[in-house]
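Asks:
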Amino acid sequence: MATVVAVIESAASYRRGLEAALADAGFTITSEPGDADAVLLALRIPEGCETANALVAAGKVVVALLPDADPAGHAHAFEHGAASATPWDADPAEIVTALTHAIAGWARLPVATVRAITAEWPGAHTPRPDVTEEEVGWLADLAGGETVARIANDTGYSERAMFRRLREVYERLGVTSRTEAIMVAERLGLFDQD
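Count along the sequence shown from 1, then add 57; that gives the number in my numbering.
1) Looking at the strands, I want to know which residues DSSP matches up with residue 236.
2) According to DSSP, is residue 63 part of a helix, a strand, or is it coil?
3) In this structure, does DSSP put residue 70 in helix, strand or coil?
4) If you measure between the beta carbons of residue 142 and residue 112, is that distance less than 9 Å?
5) Go through its chain and collect everything with a Cβ distance to residue 205's Cβ below 8 Å, but skip five positions before and after it.
6) I believe residue 38 touches residue 100 by the beta-carbon criterion, under 8 Å. Please report the beta-carbon distance rounded to the nearest angstrom.
7) Throw me the rounded Cβ distance for the residue 108 and residue 85 pair, which I believe falls under 8 Å.
8) With C-beta atoms as the reference, is residue 114 less than 9 Å away from residue 160?
9) Identify which residue in 169, 119, 105, 97 has its Cα closest to the Cα of residue 126.
10) Could you work out which residue in 230, 208, 147 is closest to residue 185 when comparing CA atoms only?
11) Report the residue from 83, 149, 158 whose alpha carbon sits nearest the alpha carbon of residue 74.
12) Would you give the residue range spanned by the alpha helix (DSSP H) that residue 156 belongs to?
13) Is any heavy atom in the ligand ADP found nearer than 8 Å to the beta carbon of residue 226?
14) Hey, could you find the ends of the alpha helix (DSSP H) residue 193 is sitting in?
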């Protein structure tokens with residue numbers, strides 16, 4: 058059975074051209090995104106971001122058609138759950154290829170986007186920050202909504218001492234706040250280590 062695809066785009070001639078390319082590639086076209094397995098969504102339309110969120114929440118494979126296909130545009134699409142993204146003005150065959158890969162669980166990305174992503178994330182050779190397993194546990198507790206007072210009580214520190222210890226952990230992670238520390242710990246995979 059052919060994959061059912063919807064195209065959400067306000068420019069009718071663009072939408073029809075893309076639907077024709079999809080039909081030629083063996084996809085079944087629907088005008089109802091709710092009936093689709095996958096959706097090509099132009100993020101340039103009003104409410105594009107909200108639409109992407111809703112489609113992803115409904116279990117649809119979303120490929121964003123980007124008006125600005127720079128790394129920030131890709132990041133924006135992925136923030137809203139898109140499985141892949143491609144320039145809005147790409148050749149229809151390229152868009153079909155991006156969709157095919159997304160349905161298979163892969164995302165095609167420009168090299169500039171990959172380099173931008175890797176610049177933000179530590180590599181395999183990045184040393185682990187100088188934080189103990191106990192301190193990682195504190196951050197995990199904070200990420201889970203635990204209060205500093207409760208962590209202090211559980212570990213035998215006064216609340217004031219616990220705030221001081223956490224501030225030291227934040228400094229070693231190169232940040233100044235609880236939220237930043239949790240984000241860095243998550244990004245570095247500290248919560249995933251056994």
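All C-beta atoms, glycine included, are put in the ideal place defined by N, C-alpha and C.
Replies: According to the structure data:
1) Against the sequence shown, residue 236 aligns to sequence position 179. Beta-bridge pairing links residue 236 to no other residue.
2) Mapped onto the sequence shown, residue 63 falls at position 6. Residue state, collapsed to three classes: strand.
3) Within the sequence shown, the letter at position 13 stands for residue 70. The answer is helix: DSSP assigns residue 70 an H, G or I state.
4) Here the question's residue 142 lines up with position 85 in the sequence shown. Here the question's residue 112 lines up with position 55 in the sequence shown. No. Outside cutoff.
5) Within the sequence shown, residue 205 is the residue found at index 148, counting from 1. These residues qualify, in order along the chain: 199, 216, 219, 220, 223.
6) Past the edges of the chain, shown from 58 to 251, lies residue 38, and the structure says nothing about it.
7) Against the sequence shown, residue 108 aligns to sequence position 51. Against the sequence shown, residue 85 aligns to sequence position 28. At roughly 21 Å, the Cβ-Cβ gap does not stay under 8 Å, so residue 108 and residue 85 are not in contact.
8) Numbered from 1 along the sequence shown, position 57 holds the residue referred to as residue 114. Numbered from 1 along the sequence shown, position 103 holds the residue referred to as residue 160. No, Cβ-Cβ distance for residue 114 and residue 160 is not below 9 Å.
9) Against the sequence shown, residue 126 aligns to sequence position 69. Comparing Cα positions, the closest option is 169.
10) Position 128 of the sequence shown, counted from the start, is the residue given in the question as residue 185. Ranking 230, 208, 147 by Cα distance to residue 185 puts 230 first.
11) Locating residue 74 in the sequence shown gives position 17, where the first residue counts as 1. Nearest option by C-alpha distance: 149.
12) Within the sequence shown, the letter at position 99 stands for residue 156. Per DSSP, residue 156 belongs to the alpha helix (DSSP H) from 149-160.
13) The ligand ADP is not among the ligands present in this structure, which contains no ligands whatsoever.
14) Taking the sequence shown and counting its residues from 1, one reaches residue 193 at position 136. Unbroken alpha helix (DSSP H) run through residue 193: 190-200.
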